[in-house]
């Protein structure tokens, strides 16, 4: 199997590091060699956060070159565009349809949406995953809903993701995260 990579991008508080840890654990449980990288930046102030998980038979680097990333989960639209240069033409991109306000900046959401639609990738799902998570009772699991969607494109059995949630996620929120993951799989079936 070729090396696959998943790029996670968002802002502080979105759970980027947690969801990337779940994916890395699931990949290890599935028997892949895994490398992970993360950048926190000014995450405690709502700043940019990214993480990369690469997996395959043998992986030497935790990050991909520009234009090589096959999978992206973006918890915010501006961050999706900020990291778009890393996407390959075969990429599957899952975006939470929201914008985190930038102080003293005017944001043209129509322009941002047009730029997202113009991304030269295989598939884009731009959806308000926060609304899906709210239906489960906790908007903080939006990233896990997105992971459920993304899992349908990855060569990893669902049981490994569910086991990884058991290992990585705190006990009090394991069940809702498993429901969020399964909801994401159901959403992917609608695509």
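Numbering (the working numbering), first residue to last: 579 to 769.
Yeah, the Cβ is synthetic: ideal placement off N, Cα and C, and Gly gets one too.
Asked                                                                                                                                                             : Found
Helix, strand or coil for residue 726, going by three-state DSSP, please let me know.                                                                             : helix
Does the region 729-742 come within contact of the region 596-615, defined as at least 3 CB pairs closer than 8 Å?                                                : yes
Under the three-state reduction of DSSP, which class applies to residue 613: helix, strand or coil?                                                               : strand
Could you give the C-beta distance for residue 690 and residue 704, rounded to a whole number, given that I count them as a contact under 8 Å?                    : No, residue 690 and residue 704 are not in contact; Cβ-Cβ is about 10 Å, not under 8 Å.
If you reduce the DSSP assignment to three classes, tell me which class residue 588 lands in.                                                                     : strand
Measure the CB-CB distance between residue 600 and residue 746 and report whether it falls below 7 Å.                                                             : yes
Quickly, what does DSSP pair residue 678 with across the bridge? List them, please.                                                                               : Answer is none; residue 678 lacks a bridge partner.
May I ask which residues mark the beginning and end of the alpha helix (DSSP H) holding residue 606?                                                              : 594-607
Does DSSP classify residue 705 as helix, strand or coil?                                                                                                          : strand
Based on Cα-Cα distance, which residue from 666, 617, 608 and 609 lies nearest to residue 595?                                                                    : 617
Could you tell me the boundaries of the alpha helix (DSSP H) in which residue 581 lies?                                                                           : Taken as a continuous stretch (DSSP letters only), residue 581 belongs to no alpha helix (DSSP H), as it is neither H nor E.
Residue 687 by DSSP, collapsed to three states: which one?                                                                                                        : helix
Report all residues from its chain with a CB closer than 7 Å to the CB of residue 719; omit the five preceding and five following residues, and keep chain order. : 711, 754, 755 and 758
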